[in-house]
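Single-structure report; data block below.
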Amino acid sequence: MNTDTFSTFEELGINDALLHAVEELGYVQPMPIQAQVIPVILGLTDDGVARDVVGLAQTGTGKTAAFGLPLLQELDLERAVPQSLVLAPTRELCLQIASDLQDYAKYLPGCTILPVYGGSSIGSQIGALRKGVHVIVATPGRLIDLMERGAADLSEISTLVLDEADEMLSMGFSDDIDAILAGIPSEHRTMLFSATMPAPIARISQQYMHNPVEITIGHKNEGAANVNHVYYLVHAKDKYAALKRIVDYYPSIYGIIFCRTKAETQEIASQLMNEGYNADTLHGDLSQQQRDLVMQKFRMRHLQLLVATDVAARGLDVDDLTHIINYGLPDDLEVYTHRSGRTGRAGKRGTSIAIIHTREKRKLAEIERTLGKTFERGTVPTARKITEKQLFNLADRLEKVEVQEEEIAPLLSPIYKKLSWLSTEDLIKRIVSLEFNRMINFYKGSEDLDIPVEQTKREKSPRSGRQPSGNVSHAPEPGYVRLFINLGKRDGIRPKVIMDLLNANVQRHVAVGRIDLLTNFSFFEVLQKDARFVIKDMSHVFFHDRRIIVENADSMSAEEDGRQRKGKDKSRNAESPSRRSRKSSQEADSPFWEFYKSNGKKSKKRKG
Ligand code: AMP
Numbered sequence: 287m288n289t290d291t292f293s294t295f296e297e298l299g300i301n302d303a304l305l306h307a308v309e310e311l312g313y314v315q316p317m318p319i320q321a322q323v324i325p326v327i328l329g330l331t332d333d334g335v336a337r338d339v340v341g342l343a344q345t346g347t348g349k350t351a352a353f354g355l356p357l358l359q360e361l362d363l364e365r366a367v368p369q370s371l372v373l374a375p376t377r378e379l380c381l382q383i384a385s386d387l388q389d390y391a392k393y394l395p396g397c398t399i400l401p402v403y404g405g406s407s408i409g410s411q412i413g414a415l416r417k418g419v420h421v422i423v424a425t426p427g428r429l430i431d432l433m434e435r436g437a438a439d440l441s442e443i444s445t446l447v448l449d450e451a452d453e454m455l456s457m458g459f460s461d462d463i464d465a466i467l468a469g470i471p472s473e474h475r476t477m478l479f480s481a482t483m484p485a486p487i488a489r490i491s492q493q494y495m496h497n498p499v500e501i502t503i504g505h506k507n508e509g510a511a512n513v514n515h516v517y518y519l520v521h522a523k524d525k526y527a528a529l530k531r532i533v534d535y536y537p538s539i540y541g542i543i544f545c546r547t548k549a550e551t552q553e554i555a556s557q558l559m560n561e562g563y564n565a566d567t568l569h570g571d572l573s574q575q576q577r578d579l580v581m582q583k584f585r586m587r588h589l590q591l592l593v594a595t596d597v598a599a600r601g602l603d604v605d606d607l608t609h610i611i612n613y614g615l616p617d618d619l620e621v622y623t624h625r626s627g628r629t630g631r632a633g634k635r636g637t638s639i640a641i642i643h644t645r646e647k648r649k650l651a652e653i654e655r656t657l658g659k660t661f662e663r664g665t666v667p668t669a670r671k672i673t674e675k676q677l678f679n680l681a682d683r684l685e686k687v688e689v690q691e692e693e694i695a696p697l698l699s700p701i702y703k704k705l706s707w708l709s710t711e712d713l714i715k716r717i718v719s720l721e722f723n724r725m726i727n728f729y730k731g732s733e734d735l736d737i738p739v740e741q742t743k744r745e746k747s748p749r750s751g752r753q754p755s756g757n758v759s760h761a762p763e764p765g766y767v768r769l770f771i772n773l774g775k776r777d778g779i780r781p782k783v784i785m786d787l788l789n790a791n792v793q794r795h796v797a798v799g800r801i802d803l804l805t806n807f808s809f810f811e812v813l814q815k816d817a818r819f820v821i822k823d824m825s826h827v828f829f830h831d832r833r834i835i836v837e838n839a840d841s842m843s844a845e846e847d848g849r850q851r852k853g854k855d856k857s858r859n860a861e862s863p864s865r866r867s868r869k870s871s872q873e874a875d876s877p878f879w880e881f882y883k884s885n886g887k888k889s890k891k892r893k894g
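For the sequence shown, this note's numbering begins at 287 and goes up steadily by one.
Encoded structure:
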C-alpha cells in the first residue's frame, strides 16, 4: 500500500465530524501509523477490503488516533449498545484512551465512551453500562468481572482493539483475553498494538485475527532511534553509590529509575529522599490516591526522579524524560525496550542508562544483540568531575535566575552593606565555595567505583564465559553469599519467580545478585547481611505444596563434606538446614549434594 497518497485526514476517509475535532486538536497531517492503519480498517486499500491490523508501535507514535478515528467512524450512534471494545493493560492507559476518544468524538452527537477499570466502584460502572454506551475502554480483569455479572454485553461488538498487547500478556492477562475474545461475535474487526512481538502475541494474532496486515512503525524490537544506551559497570555493592553519582552528574535530570522489586524500589527511593534528592516512589502497594498524587507531582516536574517498578510505571505517560535508569537489567528484553522507549520521545534525545555488575554483562550482550545497538560504556563520574559539573550548573543558575527586582530591593541594602568589603572576585569565590564545600564533604574519601577495563577483561576467563548450568560453582560477588534453593527449572522457576518469592516472604529488602537456574534446584546470591534473614523467612514457605528450602551453599557443602568423611549417620537426626533439605526434598537425595558429587571441587576431597 502506498501511504504517500494519504497526506491528509480527509484523504484517509475520515468523516467531517471527526475532521473537525482533529483540526481543533491541531493535528495537521496524519502520523505514519495513522496513514497506514486507517485505510486498512476503512477498506480504502488497493483491493478495497477492510482487514485486521497488527501494529508494532510504541506509545507516542499516534496509535490512539490510528485505531480511535476509524473505530468512532464505524459506530451506529442510533443504537446505544457497545459496538467497539478497547482493551488496555492499566487504569491510567484506559483513562488516557477514553479521554482521547472523547476528544475525537466531540462532534459525534450522543456518542458515549465508557472507561471501566479495576480499583474503582463497579456499581457506578454497571449503572453507566445499563444507561447504554457505544464504546467500552477496559482493563481485562474488570471487564471479565462485568461480563460475569451480566453487566457488559459484548454481543454486538464489531471492532476490538488490543492496545499494548505485550504489556497485557506480561501482566498475566492472557487467560482473561482468551475469555473476552470467546465472548465476542466472530464477525468483528481486530486491531492489535504492541511495542514488541513475542511469541504469545503472534499466537493471539494467528488464533483470533483474520489475515491481518502487519504494520511496523520503527523496527521490530528496536529501542527508539534517538535513545543513547549507556552502561556503567560496578561491583554489586556499589550500585547505589554509582546511581547517586550519575544523578549528581546530571543536575537537570528528569527521569525514572526502574528497580526489579517493590522492596528495592522503596529502599532506593527512601535512601535518595533521606539524602536530599528530589525523588519519590511508585509501586503496587500505594493506594490509587497516593499513586495519582506521585504521578501528578512527577508530571508537573515537582519531582526530578521517580523510582518505580515496571508495573507501577505503566500508566505514566510523560514525553520529555531525559533519562531512564535501569537499576540492574530486567530479565526480559521487552521490558528493557519498554523502559528505554520512555525517553527520546517527541523528537528529543534521551539516554537509557543501565547500572550493572559484572555478572550482568552476558544479559547486556543479549540485549545489544537483539536491539542491534551497542551500549556505550560510561565511566562512573569521579567526585572531581561531579563537583566541576555541579559548580558549572550553579554558575549557570546564577546567570539565569529570575531577579524579582521589586520584591527583593528592600531586603538588599543591609546585605550590600555587610558584603561591601568583598571584591567581585572574592564574592564569586565565596558563593561557589558554598556549593564546593558541600560537595567536597559529601564525597570525602570516596573511591572510584568503576571496575577498570583491565579487570573486566580478566573476568572473561573460561569460567565466567560459560552458561549458568556449567558455571554454578564460582565464588559469589564480593559482599555476597551464595544460597541454594530446592526449586529448579523443572518446577517452572525463572529468576522472576525467585525474586517474587523473596519479595513476598522476606521481611526486609533483599538485594539479589546472580541467579543460576538448574533443572532441579537453583542458586542465588544475596548480600551477606541479608543471608540469615532470607534463610529464616523462606524456611516456612511452600511452593505448590512443596516446602522451600534455602541454605547457604558454602556452609552446606562443608557440612555434607564433614559428614561424609566421618562416615556416620548421626547427622540424620540433627536439625541442620541441610538435614531439613534432605528430609523434605521430593528428590531421593539432596539435589545440592548430587551436584557436588558430580561437579564440585569438594566431592574430590571427599574421595581422598
Ligand atoms: P499516542 O501514541 O496515541 O499516545 O499519541 C502521541 C501524541 O501525539 C499525543 O499527544 C497525540 O495527541 C499526538 N498526535 C496524535 N496524532 C497526531 C497528529 N496527526 N498530529 C499531531 N499530533 C498527533
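Cβ atoms here follow ideal geometry from the backbone N, Cα and C, with glycine treated the same way.
Item                                                                                                                                                                                 : Value
Any chance the CB of Pro318 is under 7 Å from a heavy atom of ligand 1?                                                                                                              : no
From this set, Ser709, Leu677, Ala695, which residue's C-alpha is nearest Phe719's C-alpha?                                                                                          : Reading the sequence as shown, one finds Ser at residue 719 and not Phe. Checking every option, the nearest Cα to that of Ser719 belongs to Leu677.
Drop a sphere of 10 angstroms on the beta-carbon of Thr660, count the other beta-carbons inside from all chains shown, and report buried for 16 or more, exposed for fewer.          : exposed
Between which residues of its own chain and Leu607 is the CB-CB distance below 7 Å, once the five residues before and five after are set aside?                                      : Tyr540, Gly541, Ile542, Arg628, Thr629, Gly636
What number of angstroms, rounded off, separates the C-alpha of Phe295 from the C-alpha of Ala303?                                                                                   : 12 Å
Of the choices Tyr563, Asp333, Pro426, Cys397, whose alpha-carbon is the least far from that of Leu235?                                                                              : Outside the shown range of the chain, which is 287 to 894, sits residue 235, and nothing can be said about it.
By a C-beta neighbour count over all protein chains shown, 10 Å radius and 16 as the cutoff for buried, is Leu446 buried or exposed?                                                 : buried
What are the complete beta strand (DSSP E) segments, minimum 3 residues, inside the region 311-354?                                                                                  : 339-342
Report the residue ranges of all alpha helix (DSSP H) runs contained in full by the region 561-602; include only those spanning at least 4 residues, in chain order.                 : 574-585, 596-599
Would you check if the distance between the CB atom of Thr896 and the CB atom of Met824 is smaller than 8 Å?                                                                         : Here the chain covers residues 287 to 894 and nothing more, so residue 896 does not appear.
Does DSSP put Gly299 in a helix, a strand or coil?                                                                                                                                   : coil
Kindly examine ligand 1 and report whether one of its heavy atoms sits closer than 7 Å to the Cβ of Ala351.                                                                          : yes
Can you determine whether any heavy atom of ligand 1 sits closer than 7 Å to the C-beta of Gly413, and answer yes or no?                                                             : no
Would you check whether ligand 1 has a heavy atom nearer than 7 Å to the C-beta of Tyr622?                                                                                           : no
Starting from the Cα of Asp802, find the closest Cα among Pro667, Asp617, His830 and give me that residue.                                                                           : Asp617
Could you name the residues of the same chain whose beta carbon sits closer than 7 Å to that of Val402, not counting the 5 residues immediately before and after it, in chain order? : Gln411, Ile422, Ala424, Arg428, Leu429, Leu432
Going by Cα to Cα distance, which pick from Asn789, Ser460, Lys782 is closest to Phe819?                                                                                             : Asn789
May I ask you to report which of helix, strand or coil DSSP gives Tyr540?                                                                                                            : coil
For the beta strand (DSSP E) containing Ser638, name the first residue and the last one.                                                                                             : 636-642
Which runs of the alpha helix (DSSP H) fall wholly inside the region 433-513 and span at least 4 residues, in chain order?                                                           : 451-456, 460-468, 485-494
Name the DSSP bridge partner or partners of Ala307?                                                                                                                                  : According to DSSP, which records beta bridges pairwise, Ala307 is partnered with nothing at all.
How long is the line joining the alpha carbons of Arg365 and Ala555, rounded to whole angstroms?                                                                                     : 50 Å
Have a look at Gln575 and Arg416 and give me their C-alpha separation to the nearest angstrom.                                                                                       : 27 Å
Hey, is the region 680-697 in contact with the region 647-662, meaning 3+ C-beta pairs nearer than 8 Å?                                                                              : no
Assign Asn926 to one of two classes, buried (16 or more other C-beta atoms within 10 Å of its C-beta) or exposed (fewer than that).                                                  : Residue 926 is absent from the structure shown; the chain starts at 287 and stops at 894.
In its own chain, which residues sit with a C-beta less than 7 Å from the C-beta of Asp462, not counting the 5 before and 5 after it?                                                : Pro426, Gly427, Ile430
Strictly by DSSP, which residues pair up with Glu811?                                                                                                                                : Arg768
Check Leu371 in the structure and name its three-state DSSP category.                                                                                                                : strand
By how many angstroms is the C-alpha of Ile771 removed from the C-alpha of Ala374?                                                                                                   : 37 Å
In whole angstroms, give me the CA-to-CA distance for Ser456 and Glu450.                                                                                                             : 10 Å
Could you check if Gly346 belongs to the surroundings of ligand 1, using beta carbon to heavy atom distance under 7 Å?                                                               : yes
Using only CA atoms, which one of Ala669, Gly614, Gly346 lies nearest to Arg645?                                                                                                     : Gly614
Provide the residue(s) that pair with Arg833 in DSSP beta bridges, ordered along the chain.                                                                                          : Phe828
Does the contact criterion of 3 or more C-beta pairs under 8 Å hold for the region 585-594 versus the region 565-574?                                                                : yes
Taking just the CA atoms, how far does Asp816 sit from Ile835?                                                                                                                       : 16 Å
By the 10 Å Cβ neighbour count, where 16 or more other Cβ atoms means buried, how is Ser480 classified, buried or exposed?                                                           : buried
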